[in-house]
Amino acid sequence: DLRLMDCGDAAESMLTVRVEVLPPLLPDAAPVSEEGSRLKIKIISAKGLRAADWSLRGKGTSDPYCICELKGKPELQVTTKHISKTLEPVWDEEHELPSYERGDILQFTVYDYDRGSAA
2 DLRLMDCGDA AESMLTVRVE VLPPLLPDAA PVSEEGSRLK IKIISAKGLR AADWSLRGKG
62 TSDPYCICEL KGKPELQVTT KHISKTLEPV WDEEHELPSY ERGDILQFTV YDYDRGSAA
């Protein structure tokens, strides 16, 4: 579980993910974490998100989706589908990022779909 930062209130927001380093897809590939390695990223769920969409009738909600990218390499990113009207999304999506190199930093950001702002 990862704690989400800059969520706008005192609530503890969490993101559940699993990450696995895979070897390159080449015959006689070098060991994992060498040039050409890949990342298998499973973005499972989030909880405790802030409400980005307000309602006059009851609590606010959000339409969250998650972007995972290799920091400094914006062309290497994956995005989940958005889930409407929830603060506890379950995506359960698996993605693969190519060209992982040892030392690359993964950055996860959760946004509200209709506003484009971080949830």
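Residues are numbered in our numbering as their position in the sequence shown, beginning at 1, plus a constant of 1.
Where is the CB? At the ideal position from N, CA and C, for every residue including glycine.
These figures come from a predicted structure and were not determined experimentally.
Considering only their Cβ atoms, is the gap separating residue j from residue i smaller than 8 Å?
i      : j      : result
Lys43  : Val18  : yes
Leu50  : Pro65  : yes
Ala52  : Leu26  : no
Lys82  : Thr62  : no
Leu71  : Leu107 : yes
Ile84  : Pro75  : no
Asp113 : Asp54  : yes
Round the Cβ separation of residue i and residue j to the nearest angstrom and send it over; I've been treating them as touching at under 8 Å.
i      : j      : result
Val111 : Leu5   : 6 Å
Ile40  : Glu102 : According to the sequence displayed, residue 40 carries Leu and not Ile. 10 Å between Cβ atoms; not a contact.
Does DSSP put residue i in a helix, in a strand, or in coil?
i      : result
Thr87  : coil
Leu26  : coil
Ala53  : coil
Met6   : coil
Arg103 : coil
Lys43  : strand
Ser38  : strand
Lys48  : strand
Glu13  : coil
Quick check on this structure: which residue in the options has the alpha carbon closest to the alpha carbon of residue i?
i     : options                        : result
Asp93 : Thr87, Ser46 and Glu36         : Ser46
Leu16 : Ser85, Ile106, Asp54 and Ile68 : Ile68
Glu95 : Val20, Ser14 and Asp7          : Val20
Val79 : Asp115, Gly37 and Phe109       : Phe109
Gly37 : Asp115, Asp105 and Pro99       : Pro99
How far does the beta strand (DSSP E) with residue i in it extend, from its first residue to its last?
i      : result
Tyr112 : Leu107 to Asp113
Glu70  : Pro65 to Leu71
Glu76  : Lys74 to Thr80
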